[in-house]
Amino acid sequence: MNPIAVHAFNPGPMTGAGNWTWLIHGRVPTLIDAGTGDPRHLDAVEEALDGARLAQVLVTHAHVDHASGVVALAERFHGTRFLKMPWAERDSRWPAAWEPIGDAQIIDAGDEQLRAVHTPGHAPDHLCFWHDQSRTLFSGDLAVKGTTVYIPPNLQGDLADYLASLERVRALKPARLLPAHGPVIDDPETVLLGYLEHRREREEQIVNALRSGDATPEALVPLIYRGLKENLFQVARETVLAHLLKLERERRAGRRGDSWHIIEP
Ligand SMILES: [Zn+2]
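Per the working numbering, the sequence shown starts with residue 69, numbered consecutively.
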């Protein structure tokens, strides 16, 4: 399998340099992720197809930079199927004839097969796609080399789920990850272990901060993120909240109103 990286032409504060979509040639020409419908992306997909039809688009999750392009893709490439794990409230934003994919489902793609791997955390509907022969994982937003992945509780992000997803992918022993943002990850074990370690450290910081006094997520942000830029405050607050909700579920933290406290064993 020789996937072609096709850039989605959507740089921005939340997408970095913009998204990668991945085209797989063969009997079932397949695009992984839909981009945002930028005409330059459609042209790039058409060029990469090199005269072949586009049989299907597999969408990793319903976030705008991965899914909103389905409308424009459907207009440009007739007869294309659109598949993803359902997320009812979100999928309806991008009107397409969505076909549902479930965890462990086998999907013909190119001349081979991919297996859907449910990897919630960043989003509840997040799927990775696994190609067993090459030990390649199309990893969506599970990992972005050189930075961490945003876990937004206000959009059903869940840190405990995310950590379990990282472990699930580690267990596959992938040789490489083909992400939706940033460079190809050819040292997955290092990157995934780094993420797990990073979250452990963050959690410890938050637990220690709460030990010296109850606090709101807003009050914790400047204690955890020193020198944080103003425009990143909301993202940092959501991340702190994701940690607090995980601690709450583990009965290691509690809250009265918006003020959180630690529960010592
Ligand atoms: Zn996303």
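All residues carry an ideal CB built from backbone N, CA and C; glycine is no exception. From a predicted model like this one, the values you see are computed outputs, not experimental measurements.
Below 7 Å, is the gap between the Cβ of residue i and the nearest heavy atom of ligand 1?
i	result
A135	no
H186	no
A85	no
H209	It should be pointed out that residue 209 corresponds to Asp in this sequence rather than to His. For ligand 1, at least one heavy atom lies less than 7 Å from the Cβ of D209.
A191	yes
H109	no
H329	no
H311	no
H266	no
T146	A small correction: the amino acid at residue 146 is His; Thr does not occupy that position in the sequence shown. H146 Cβ: outside cutoff for every heavy atom of ligand 1.
H63	Any answer about residue 63 is impossible in this case: the structure gives the chain only from 69 up to 333.
According to DSSP, residue i sits in a beta bridge with which residue or residues?
i	result
R149	Q124
S280	DSSP output for S280 lists no bridge partner at all.
I253	L245
A184	F197
G208	P247
A321	I330
T98	I92 and Q124
D111	Beta-bridge pairing links D111 to no other residue.
G178	V96
V308	Bridge partners of V308: none, in fact.
I169	According to DSSP, which records beta bridges pairwise, I169 is partnered with nothing at all.
A73	W90
G80	G84
T215	V212
Between residue i and residue j, which are expected to be in contact by the criterion C-beta below 8 Å, what is the C-beta distance as a whole number of angstroms?
i	j	result
D133	T83	5 Å
N87	A76	4 Å
W162	V138	5 Å
A184	Q173	5 Å
L210	V252	Rounded, the Cβ-Cβ distance is 13 Å, inconsistent with contact.
T104	G208	Not really, about 15 Å apart at Cβ, beyond 8 Å.
I92	A177	5 Å
R319	I330	About 11 Å; that fails the 8 Å criterion.
Identify, in the order they occur along the chain, each residue of the same chain with its Cβ nearer than 6 Å to the Cβ of residue i, setting aside the five sequence neighbours on each side.
i	result
H249	G84 and V212
Q224	P192
L205	C196, W198, P242 and L245
Excluding the 5 residues preceding and the 5 following residue i in the sequence, name in chain order all residues of the same chain whose CB lies nearer than 7 Å to its CB.
i	result
E286	R305
A228	K314 and R317
Within the present structure, is the beta-carbon of residue i separated from the nearest heavy atom of ligand 3 by less than 7 Å?
i	result
H93	With respect to ligand 3, the structure offers nothing, as its ligand set consists of ligand 1.
In chain order, what residues of the same chain lie with their CB nearer than 8 Å to the CB of residue i, ignoring the 5 residues before and after it?
i	result
E271	H311, K314 and L315
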